[in-house]
Amino acid sequence: MRNSKAPNLDGSTSEGAARSKGKLVVPCEPNSSSADLHQKLKEQSDTLWKLKDELKKHVSTAELRDMLEVNEQDPSGPERDLLERCADGMLFGALGTCPVCNSCLYYYGGHYQCNGHVSEWSKCTYMTTEPVRMKKKWKIPDEIKNDYLTKWFKSQKVKKPERVLPPMSPQKSVGQSPQQSLVGEALDNLRVCIVGQSKDTDELKQKLKLAGAHFSPRVTKDINCVVSCGGLDNESAEVRKARRQKIPIVREDYLGECIRKNRVLPFDLYKVATTLEESSKGSTVTVKVKGRSAVHEASGLQDTGHILENGKSIYNTTLNISDMTQGVNSYYILQIIEEDDGSECYVFRKWGRVGSEKIGGKKLEEMSKTDAIREFKRLFLEKTGNPWEAWEQKTNFQKQPGRFYPLDIDYGVREAPKRKDMSKMKSSLAPQVLELMMMLFNVETYRAAMMEFEINMAEMPLGKLSKENIQKGLS
Numbered sequence: 001m002r003n004s005k006a007p008n009l010d011g012s013t014s015e016g017a018a019r020s021k022g023k024l025v026v027p028c029e030p031n032s033s034s035a036d037l038h039q040k041l042k043e044q045s046d047t048l049w050k051l052k053d054e055l056k057k058h059v060s061t062a063e064l065r066d067m068l069e070v071n072e073q074d075p076s077g078p079e080r081d082l083l084e085r086c087a088d089g090m091l092f093g094a095l096g097t098c099p100v101c102n103s104c105l106y107y108y109g110g111h112y113q114c115n116g117h118v119s120e121w122s123k124c125t126y127m128t129t130e131p132v133r134m135k136k137k138w139k140i141p142d143e144i145k146n147d148y149l150t151k152w153f154k155s156q157k158v159k160k161p162e163r164v165l166p167p168m169s170p171q172k173s174v175g176q177s178p179q180q181s182l183v184g185e186a187l188d189n190l191r192v193c194i195v196g197q198s199k200d201t202d203e204l205k206q207k208l209k210l211a212g213a214h215f216s217p218r219v220t221k222d223i224n225c226v227v228s229c230g231g232l233d234n235e236s237a238e239v240r241k242a243r244r245q246k247i248p249i250v251r252e253d254y255l256g257e258c259i260r261k262n263r264v265l266p267f268d269l270y271k272v273a274t275t276l277e278e279s280s281k282g283s284t285v286t287v288k289v290k291g292r293s294a295v296h297e298a299s300g301l302q303d304t305g306h307i308l309e310n311g312k313s314i315y316n317t318t319l320n321i322s323d324m325t326q327g328v329n330s331y332y333i334l335q336i337i338e339e340d341d342g343s344e345c346y347v348f349r350k351w352g353r354v355g356s357e358k359i360g361g362k363k364l365e366e367m368s369k370t371d372a373i374r375e376f377k378r379l380f381l382e383k384t385g386n387p388w389e390a391w392e393q394k395t396n397f398q399k400q401p402g403r404f405y406p407l408d409i410d411y412g413v414r415e416a417p418k419r420k421d422m423s424k425m426k427s428s429l430a431p432q433v434l435e436l437m438m439m440l441f442n443v444e445t446y447r448a449a450m451m452e453f454e455i456n457m458a459e460m461p462l463g464k465l466s467k468e469n470i471q472k473g474l475s
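Counting from 1, one number per residue, gives the positions in the sequence shown under UniProt numbering.
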């Protein structure tokens, strides 16, 4: 239910909104005071929350989805998202589709953005403060027999009000961080926290103060960057706080360059390497290859198990999904591990963000061989949108929007050791002895069964990519 204090609920758009060079600018109306705007936003927020409360009380989740579908809106997501979309459409009208990819729009953080993909690899980044609305009534499905919705439908008007949006700073683009939008501006907009001390620190501070820059002894939300003077103290409370809040930590020479060029410079060029980046440079993991693949070391079964193989099938895959527009770079490792003595079988999963061990998890489940193969294929289909056989046979595999894509990992073994037909070999040895001797002196068997190599986890967090996979990325 709604709190007594109205949240800062922004609306959808209005007159005076403009798009300039990719920037969305919504200036305040010249004849309306900020107090009037605040009052309008509060009244709008109260109306929206009242409607959402009524919908939550009288309308089921299934009915909310049906309403969104019949009005050509996105019916996916949890109940809170469904309530938000229904309330927005009922009060202000059904939203039109994205002009870029023709997908559904939804309200988020003071503007409307697209929920679709421009291709199977990239999410659509379209956003606007002036969404197109359908010039017709919000529909109620005929099959829904809901007294509340029936009564509301009869009382609604064709012409609906526009959703009021709070003013946005003309200096900022939607989707840009405060740090990004600040670059190139005058120094009087720069807010800095300095940690550490050097012989030049006081002089630099004095020059920046004269230029109008602001300094803070503590890291706060309005700080643009943290400057490390005299070496970075990774145990400093302010440094740890800056990393938690994703505030850039830069070298001392950043201040000198800002003074010299008399403007705010990009932070990325002067960033200090984090402890994680420094410590991970020497982090290596030993990969033990058995057969044609390798058990992941995080499973704890690297020494006692091997990847299940069945003919040409190798039940091991590393999946990845990356989208720079959304800051997504995730992996999902899926393996069937069989004990070397054939006694047990496990499905192992590990997932997280590439380059970060703090995000993600893992799971190891014991199953019969048949159940393990079935579960492996189910998970592969769920994550990629394709059946396992399509990838295995390299036919009809199609990358699906918002889904993972398998990577070819090179373990240094192309094919399993071939067994020769002993019946065609002339030998005076007993067949059992001959088989033993062939196994002992088969170099390929040793190479495939005992090969080990080390990988640098900082440089190759997902493993050693195959040559074919790299060539695909370059094409």
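Using N, Cα and C, we set each Cβ at its ideal position, and we do this for glycine too.
Based on DSSP bridge pairs, tell me the residues matched to residue i.
i, result
"Ala294", "Val289"
"Phe348", "Gln335, Leu364"
"Lys271", "Val250"
"Ser322", "Asn329"
"Arg353", "Ser330, Ser356"
"Ser155", "DSSP lists no partner for Ser155."
"Thr317", "Leu334"
"Asn310", "Ser313"
Along the chain, where does the alpha helix (DSSP H) containing residue i start, and where does it finish?
i, result
"Trp391", "388-392"
"Asp406", "The residue asked about is misnamed: residue 406 is Pro in this sequence, not Asp. It is not in any alpha helix (DSSP H) - Pro406 instead sits in the beta strand (DSSP E) that spans 405-407."
"Gly256", "253-261"
"Ile140", "Taken as a continuous stretch (DSSP letters only), Ile140 belongs to no alpha helix (DSSP H), as it is neither H nor E."
"Val70", "61-70"
"Gln432", "431-440"
"Lys57", "34-58"
"Lys369", "369-384"
"residue 495", "No answer is possible for residue 495: it lies beyond the span of the chain, which begins at 1 and ends at 475."
Which two residues bound the contiguous beta strand (DSSP E) that contains residue i?
i, result
"Ile338", "It should be noted that the sequence gives Glu, not Ile, for residue 338. Run containing Glu338: 328-339, per the beta strand (DSSP E) assignment."
"Ile307", "305-307"
"residue 542", "Given a span of 1 to 475 for the chain in the structure shown, any question on residue 542 remains unanswerable."
Using the C-alpha atoms, what's the distance from residue j back to residue i?
i, j, result
"Lys160", "Lys57", "24 Å"
"Lys154", "Thr47", "18 Å"
"Ser198", "Tyr108", "44 Å"
"Val328", "Leu255", "32 Å"
"Leu204", "Asp323", "39 Å"
"Lys383", "Leu41", "41 Å"
"Glu79", "Asn146", "18 Å"
"Lys369", "Tyr315", "11 Å"
"Gln245", "Lys221", "8 Å"
"Ala87", "Leu51", "6 Å"
"Asn386", "Ser330", "18 Å"
"Asp303", "Thr395", "34 Å"
"Val192", "Val264", "11 Å"
"Thr128", "Gln156", "26 Å"
"residue 476", "Gly231", "Since the displayed the chain opens at 1 and closes at 475, residue 476 lies outside it and no answer follows."
"Lys350", "Thr318", "9 Å"
"Ile337", "Glu309", "9 Å"
"Arg133", "Phe380", "39 Å"
"Val164", "Leu364", "51 Å"
"Gly116", "Arg403", "13 Å"
"Leu55", "Arg378", "36 Å"
"Val59", "Ala94", "18 Å"
"residue 488", "Ser76", "The requested residue 488 is not part of the displayed model; the chain covers only 1 to 475."
Cβ of residue i less than 9 Å from any chain C Cβ?
i, result
"Arg240", "Here chain C cannot be found, since the structure has a single protein chain."
Using the rule of at least 16 other Cβ atoms within 10 Å of the residue's Cβ for burial, across every protein chain shown, is residue i buried or exposed?
i, result
"Leu210", "exposed"
"Ile409", "buried"
"Ser228", "buried"
"Trp138", "buried"
"Arg85", "buried"
"Ala372", "buried"
"Ser45", "buried"
"Gly342", "exposed"
"His38", "exposed"
"Gln393", "exposed"
"Ile359", "exposed"
"residue 477", "Coverage of the chain is limited to positions 1 through 475, which leaves residue 477 absent and any answer about it impossible."
"Pro431", "exposed"
"Arg374", "exposed"
"Gly224", "The sequence as given places Asn at residue 224; Gly does not occur at that position. Asn224 should be labelled buried."
Every unbroken beta strand (DSSP E) inside the region 85-135 [3 residues or more]: 105-108, 111-114
Contained alpha helix (DSSP H) runs [length at least 4] in the region 183-217, N- to C-terminal order: 201-211
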